[in-house]
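These notes are about the structure you will find just below.
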Amino acid sequence: MRGFLYFFETIKGLLITAKHLIVNSFFHTLNYIFRIKTKRKGSVTYQYPEEKKPLYPRDRTLHKMMFRDDGKPRCVGCMLCVTACPSDCIYVKAEEVDGEKIATTFIVNVNRCAFCGYCVEACPEDAIRMDSGKLDFVGYSTNEMVLNLLKRN
Amino acid sequence: MPKVKIKINDVEYEVEQGLSVLDAAESVGIEIPHFCAHKYLKPAGLCRMCLVEIKGARKLQTSCTTPVKEGMEVYTESDAVVKARKEILELHLANHPLDCPECDQAGDCLLQKYYDKYGLYERRFDIERTHFEKDVILSDNLILDRERCILCQRCVRFSEEILGEKLLAVFERGSRSYIATYNDEKISTLYSGNFAEICPVGAITDRRFRFKIRNWFLIKKESICPLCERGCNIYVETPKDRPYLKNYERLQRISSRDNPEINKSFICDRGRYDLFSLEENRIFKGIYEMEEVGWQKIKKILKEHLFTIETVILSSWMTNEEIDLALSLFKDYLNLKNIYFWGNPAGDEDEILIKKDKNPNSYYLEHKKVKRLNSKSKVDFKGSTLIFGDFFRENEFVMKKIEDESFVILISPYIPSFPEKINLLIPSANFFEKEGSYTNFEGRVQKVERIFENDKVKTEYEILEMIESILRKK
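Protein chains in written order, with the numbering used here: chain U, 1 to 153; chain F, 154 to 627.
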């Protein structure tokens, strides 16, 4: 009895796959070969390394430091991001530069980071942002995942 | 002291006569917000923040200047009081720059603390804030931000009442008034660090602590100042135990701890800034005949030479417990006659806090009848010598007296200045790494916590225990 049910469900699953295949390729043909615009997109495969999925504005990606026009970082070293960070991954050190408090060290340890975005919300100067769009950061060791945000590339 | 009965917020309390309403409320655990009132300064009634409602009075009264009376009924949280506080805070903040992210006082700031509770949160003034100079250098240790100042005059009153000289004053009038020194001279007093500590907002801040770390990351640990025999109570501030905070120096700031019988809530600049030098020139490895040795080797060498010791020089930086153990070993067990002690040379003194003797525990050693060495004392050191303490960096006198042939053991946390004379150097813990008690010049015994952990070195007590185990085994 059990074996029979399993067989029945398999056929059901195959039918669902076949339905998606036929419907998607129908709309895909309409969109890309006949250039007929429909509401439905059809196939949604992205050719990943060459073509990247578009991000939404509120997506949280790798951290980014904002700089002022004169090249100094916006960060004043108030350490509110360090205070807000639940996973203790930010290390900030500030010094007095031309009578102003400016961060001289800003390190984010991405190994520890949970991408909660609290640092961005806490920042009173809009210095740290998570809108760099980078999601594919890799390295051969954990040391490469400790980022110095003040280094401009 | 005679007591009077007063009612605060409809609860009856018995308080001492002669106190102000503010102090009386504080003595029973009710906090009245205040800026200008300070425990050890005379009341001034300037900030108007401590207004309370007193039954029978027509207007709200400043609680810092009103003395308690029998049968007085005080309300500290009534609607009229809270409304007055909100309005006064609004006026205090009318010209305040709100640069809390950059301000070193943020976290300890009274303005922040009260605004959190009584703030109006919306600015109703549409005029521009008055601007002043933002970084006026008052002395080598102090910096003044006139925009942040709320003119509570605590600094002015501190210099007049505690130091007895007029160093600062309020110039101009009304919204243009500001704090300055006379003729823009720099403050030169040995108590300048207190100005930064006494300031309720971030107007006067410490230049040596400027921008180093935010103060909510610091833990305050209780200790005493070892730099003179008064034994002022201090807090040693060190970063909290969180992963990235370990990258900061372990000693961040020294601040005063309130003790009405010793130092009130003030300490001198030597205690505040010179204690940082105790962290420099440290040594963590034992040295025997100019070669590094481990603890096993040290024990072996001690076994050979301990029984030839004839002279012991104790340090007046040792705790009471260490002195007791050392005396019981060398005086009572080994019956040595040449036991002396030595400390930093005497220096200046004044009437406020600084004492002549620059060591924390000379009183206890003198009480135990140990002979004090100074540059004039006529003594001869015979045989092997065991020396405790770190002050030999400045001391040529003892080193000259020691014969070249004799075996010298030095127990010190610091690199010695005469390494060629010392045969065995045992690294010990510095003042922050040991616990025990110290006796100050009045005979008052005060406890010291262990503030920093260090596995590399042993405290003098542990070294003495090691010596004891070697001595008693044979």
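Note that CB positions come from ideal geometry on N, CA and C, so glycine has one too. Since this is a predicted model, take the numbers as computed values, not measurements.
Below-8 Å beta-carbon distance, residue i vs any chain U residue
i	result
residue 294 (chain F)	no
residue 494 (chain F)	no
residue 633 (chain F)	Coverage of chain F is limited to positions 154 through 627, which leaves residue 633 (chain F) absent and any answer about it impossible.
residue 288 (chain F)	yes
CB contact below 8 Å: residue i versus chain C
i	result
residue 369 (chain F)	Given the protein chain composition of this structure (U and F), no chain C is represented.
Interface flag, residue i vs chain F, CB-CB below 8 Å
i	result
residue 113 (chain U)	no
residue 83 (chain U)	yes
residue 150 (chain U)	no
residue 80 (chain U)	yes
Interface residues of chain F facing residue i [CB-CB closer than 9 Å]
i	result
residue 73 (chain U)	Within chain F, no residue comes near residue 73 (chain U); the closest Cβ sits about 14 Å away, beyond 9 Å.
residue 88 (chain U)	395, 396, 397 and 398
Of the listed residues the options, nearest to residue i (C-alpha basis)
i	options	result
residue 445 (chain F)	F:313, F:578, F:495 and F:320	F:578
residue 558 (chain F)	F:574, F:451 and F:551	F:574
residue 220 (chain F)	F:497, F:348, F:170 and F:413	F:170
residue 326 (chain F)	F:304, F:345, F:448 and F:619	F:304
residue 193 (chain F)	F:200, F:173 and F:181	F:173
residue 239 (chain F)	F:272, F:212 and F:411	F:272
residue 216 (chain F)	F:525, F:161 and F:554	F:161
residue 324 (chain F)	F:312, F:299 and F:523	F:299
residue 166 (chain F)	F:154, F:226 and F:205	F:226
residue 537 (chain F)	F:291, F:458, F:358 and F:475	F:458
residue 155 (chain F)	F:183, F:163 and F:223	F:223
residue 202 (chain F)	F:372, F:296, F:268 and F:392	F:268
residue 629 (chain F)	F:351, F:441 and F:503	Outside the shown range of chain F (154 to 627) lies residue 629 (chain F), about which nothing can therefore be said.
residue 46 (chain U)	U:39, U:40 and U:54	U:54
residue 64 (chain U)	U:75, U:56 and U:33	U:75
residue 354 (chain F)	F:416, F:490, F:308 and F:397	F:308
residue 439 (chain F)	F:265, F:455, F:592 and F:205	F:455
residue 492 (chain F)	F:270, F:532, F:414 and F:504	F:532
residue 151 (chain U)	U:126, U:139 and U:103	U:103
residue 527 (chain F)	F:423, F:551, F:519 and F:509	F:551
residue 347 (chain F)	F:322, F:522, F:599 and F:416	F:416
residue 618 (chain F)	F:297, F:596 and F:476	F:476
residue 297 (chain F)	F:349, F:265, F:336 and F:282	F:349
Cross-chain neighbours of residue i in chain F, by beta carbon under 8 Å
i	result
residue 49 (chain U)	Going along chain F, no residue has its Cβ under 8 Å from residue 49 (chain U), so there is no contact; the nearest lies around 34 Å.
Listed by chain order, chain F residues near residue i by CB distance under 7 Å
i	result
residue 77 (chain U)	364
residue 124 (chain U)	254
Q) Using a beta-carbon distance cut-off of less than 7 Å, what residues from the segment 243-265 of chain F approach chain U? A) 254 and 255
Q. Below 8 Å, can you find three or more Cβ-Cβ pairs linking the segment 328-348 of chain F to the segment 372-384 of chain F?
A. Touching, no, given that fewer than three Cβ pairs across the two stretches are closer than 8 Å.
(Q) Any C-beta of chain U within less than 9 Å: which residues of the segment 370-399 of chain F qualify? (A) 370, 395, 396, 397 and 398
Q: Indicate whether the contact test is met: 3 or more Cβ pairs, each with one atom in the segment 423-436 of chain F and one in the segment 455-463 of chain F, closer than 8 Å.
A: no
Q. So, do the segment 131-138 of chain U and the segment 90-109 of chain U have three or more beta carbon pairs nearer to each other than 8 Å?
A. Short answer: they don't touch.
Q. Does the segment 67-81 of chain U come close enough to the segment 232-245 of chain F that 3 or more CB-CB pairs lie under 8 Å?
A. no
Q. Mind listing which residues of the segment 92-121 of chain U have their C-beta closer than 7 Å to chain F's C-betas, in chain order?
A. Residues are counted here when their Cβ sits less than 7 Å from a Cβ of chain F; for the segment 92-121 of chain U these are 94, 95, 96, 99 and 101, given in chain order.
Q | Within 9 Å of chain F by C-beta, residues of the segment 135-148 of chain U in sequence order | A | none
Q: Check whether the segment 245-256 of chain F touches the segment 210-219 of chain F, counting contact only when three or more Cβ pairs, one atom from each stretch, lie closer than 8 Å.
A: no
Q: Give the residues from the segment 4-25 of chain U that approach chain F closer than 7 Å (Cβ to any Cβ), ordered along the chain.
A: None of the residues of the segment 4-25 of chain U has a beta carbon lying less than 7 Å from any beta carbon of chain F.
**Q.** Stretch pair the segment 486-496 of chain F + the segment 399-409 of chain F: three plus CB contacts closer than 8 Å
**A.** no
(Q) Contact between the segment 618-625 of chain F and the segment 467-486 of chain F is defined here as three or more beta-carbon pairs at a separation below 8 Å; is this criterion met? (A) yes
Q.
Whether or not the segment 251-260 of chain F and the segment 352-360 of chain F are in contact is what I'm after, with contact meaning three or more pairs of Cβ atoms, one per stretch, closer than 8 Å; do they touch?
A. yes
Q) Is the number of C-beta pairs between the segment 562-569 of chain F and the segment 580-597 of chain F that are closer than 8 Å three or more? A) Enough Cβ pairs lie closer than 8 Å, so yes.
(Q) For the structure I just gave you, are there three or more beta carbon pairs, one from the segment 31-40 of chain U and one from the segment 101-113 of chain U, closer than 8 Å? (A) no
Q.
Under 8 Å, with one C-beta from each stretch per pair, do the segment 57-67 of chain U and the segment 109-126 of chain U reach the 3-pair mark?
A. yes
Q: Give a yes or no on contact between the segment 503-518 of chain F and the segment 464-477 of chain F, applying the rule of three or more CB pairs nearer than 8 Å.
A: yes
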